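Comments concern the structure below.
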Amino acid sequence: MVSNVKIQYTQLFINNEFVDSVNKKTIPVVDPSTEEVLCEIQGAEKEDVDKAVAAAREAFKLRSPWRTMDASKRGQLIGKFASLLQRDFDYIVTLESLDNGKPRTEAVVDITMTIDLFQYYAGWCDKICGKTIPVDGNFFTYTRHEPIGVCGQIIPWNYPLLMFAWKVAPAIACGNTCVIKPSELTPLTALYAASLFKEAGFPAGVLNVVPGYGDTAGNAITSHMDIDKVAFTGSTAVTINSYNFHIELTFIDITISKSQFDKVLGYMKKGKEEGATLVFGGEQVGSKGFFVKPTIFADVKDNMSIATEEIFGPVQSILKFSDLDEVLERANRTKYGLAAGVITNDINKAFKISQSLQAGSVWVNCYDIVTSQTPFGGFKQSGHGREVGEYALQLYTEIKTVTVQIPEKNS
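Take a look at the structure:
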């Protein structure tokens with residue numbers, strides 16, 4: 001049974017070792033299906049983030065084992081890590097399902113995609129290259145794509161290990177070091193993955209995992225002066241205080257905690273109060289766990305809360321429209337633009353809609369198709385930058401131009 005799975009790691013992972021937090025404070029991890037406490041994890045705060053950043057900075061120093069490692073060797077380490085994930089696949093799937101509350105069938109998909117992503121970026125390590133540029137004069141000019149440095153990364157609860165992969169895989173493929181904060185609600189698979197990083201042979205300090213609350217560990221990462229880049233997936237309510245960052249706002253309909261459970265039910269209540277027609281659902285399922293019945297509202301207006309705000313729960317709003325131009329104008333009126341989908345038999349409408357919608361991804365006659373090779377990110381308040389695929393490599397490298405004077409130039 002899932003409830004009998006052994007939880008092996010509950011400490012912070014800093015400099016290739018599992019350690020207690022400085023103040024020894026712990027955070028309860030709750031099973032969302034039963035509301036029972038699974039375990040207590042060490043909760044990182046500013047002092048712990050400082051230690052993790054120092055370890056990552058040391059690992060990134062010039063002439064360190066990580067900086068002097070051949071790119072092909074980096075790829076081999078990432079590939080070895082992917083093989084360890086595959087070796088422990090059943091355990092990791094079970095742990096993800098237990099910690100996050102999603103069905104095992106969904107966890108299988110997520111962990112499969114996680115392994116695929118690390119394998120994909122393992123192949124990129126020795127293919128990140130610059131160009132020679134034929135400049136005027138007796139000069140030889142070329143560009144280098146260099147790692148940025150220490151990357152602070154914050155991930156949400158909806159896809160715990162997959163979001164870990166989205167952040168860590170391209171960063172280390174480019175030669176960076178990472179300090180990553182998984183959600184305090186779902187930290188268990190990230191901590192287990194950290195143990196596999198060490199087993200795979202990564203040098204100390206390349207990966208550091210510091211689960212903790214957003215207002216302590218999260219703020220310590222986003223405001224840290226020795227972090228070179230911040231990558232964040234979460235809520236628009238969070239402010240990033242960094243010159244170099246990218247944000248992705250991605251969620252699925254899972255009620256992960258009591259506060260989120262209450263928030264979803266609150267939106268359902270507000271939908272009825274604002275005049276929408278409840279067609280189905282709109283209530284809690286059972287008396288234990290944070291289960292909400294899938295909910296459909298009809299007669300929804302553009303200005304209703306359930307149409308303008310992100311609910312992060314299983315709520316579908318149905319809005320009527322008169323023609324294609326109207327629906328495009330209304331769809332683009334929102335402040336968000338992560339993804340959109342269209343179902344049609346008309347190829348002309350498919351192209352018009354896909355070109356007109358202000359969204360980072362548009363799916364035609366399908367939905368939620370995300371692969372390791374394709375970029376993912378949003379327009380407007382749904383994000384800055386693109387993750388996954390070749391495009392993600394641009395987020396984790398700086399371009400340097402090198403010009404060398406030469407005595408003579410020949411074509």
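Once you know that position 321 of the sequence shown is 321 in the UniProt record's numbering, the rest is easy, because the numbers rise by one and skip nothing. Glycine residues also receive a C-beta, built at the ideal position from the N, C-alpha and C atoms. The structure displayed is predicted, hence computed values, not measured ones.
Ranking PRO103, GLY75, MET69, VAL135 by CA distance to the CA of THR401 puts VAL135 first. Residue environment for LYS293: exposed (fewer than 16 other C-beta atoms within 10 angstroms of its C-beta). Within the model, the alpha-carbon separation for LYS272 versus LEU319 is close to 15 Å. Within the model, the alpha-carbon separation for LYS25 versus GLU40 is close to 9 Å. ILE311 counts as buried, since no fewer than 16 other beta carbons sit within 10 angstroms of its beta carbon. For TYR142, the enclosing beta strand (DSSP E) covers residues 139-147. Taking a contact as a CB-CB distance under 8 Å, the pair THR216 and GLU45 counts as one, their CB atoms being some 5 Å apart. THR94: member of the alpha helix (DSSP H) spanning 89-100, first to last residue.
When the Cα atoms are used, SER257 and TYR159 turn out to be separated by approximately 15 Å.
Annotation for ASP99: THR186, LEU188 place their beta carbon closer than 6 Å to its own, counting only its chain and skipping 5 residues before and after. Comparing alpha-carbon positions, the option among ILE128, GLN153, PRO156 lying closest to HIS145 turns out to be ILE128.
Looking at the DSSP output, GLY234 bridges to nothing.
In this structure, DSSP gives LYS6 a state outside helix and strand, which the three-state scheme calls coil. Close CB contacts of LYS335 within its chain, under the 7 Å cut and outside five residues either way in sequence, are with LYS380, GLN381 (chain order).
The beta carbon of PRO28 sits closer than 6 Å to the beta carbons of VAL37, GLU40 from its chain, once the five residues preceding and following it are set aside; these are given in chain order.
Taking 3 residues as the shortest admissible run, the segment 342-390 contains the following complete beta strand (DSSP E) segments, listed from N- to C-terminal end: 361-364. Distance between ILE406 and ILE133, taken at the CA atoms: about 14 Å.
Separation of GLN8 and TYR192 (C-alpha to C-alpha, rounded to the nearest whole angstrom) is 7 Å. Per DSSP, the continuous beta strand (DSSP E) segment holding GLY152 begins and ends at 150-154. As DSSP reads the structure, CYS174 sits in no beta bridge.
Around the beta carbon of CYS366, fewer than 16 other beta carbons sit within 10 angstroms, so the residue counts as exposed. The beta carbon of ALA173 lies closer than 6 Å to those of TYR121, TRP124, CYS125 in the same chain, with the five residues before and after it left out. In the structure shown, LYS335 falls within a coil segment according to DSSP collapsed to helix, strand and coil.
Under the DSSP assignment, THR397 falls in the beta strand (DSSP E) whose first and last residues are 397-405. Taken through DSSP and simplified to helix, strand or coil, ALA44 comes out as coil. Among the bridge pairs identified by DSSP, ILE14 is matched with GLU17. In this structure, ILE14 lies near LYS51, with their beta-carbon atoms less than 8 Å apart. Judged by DSSP secondary structure, ASP31 falls within the beta strand (DSSP E) whose first and last residues are 26-31. If you compare the alpha carbons of SER72, ASP299, ASP20, ILE353 with that of ASP323, the shortest gap goes to ILE353. The alpha-carbon separation between ASP90 and VAL210 amounts to approximately 25 Å.
Ranked by Cα distance from GLU408, the options PRO32, VAL109, PHE139 are led by PHE139. Rounded to whole angstroms, the gap between the alpha carbons of SER372 and MET163 is 12 Å.
Setting aside the 5 residues that flank it on each side, ASP70 is surrounded in the same chain by ASP126, each with a C-beta closer than 8 Å to its C-beta; the list follows chain order. Secondary structure at LEU207: strand, using DSSP grouped into helix, strand and coil. The bridge partners DSSP lists for ILE296 are PHE280, GLN316. The straight-line gap separating the alpha-carbon atoms of ASN303 and GLU274 is approximately 9 Å.
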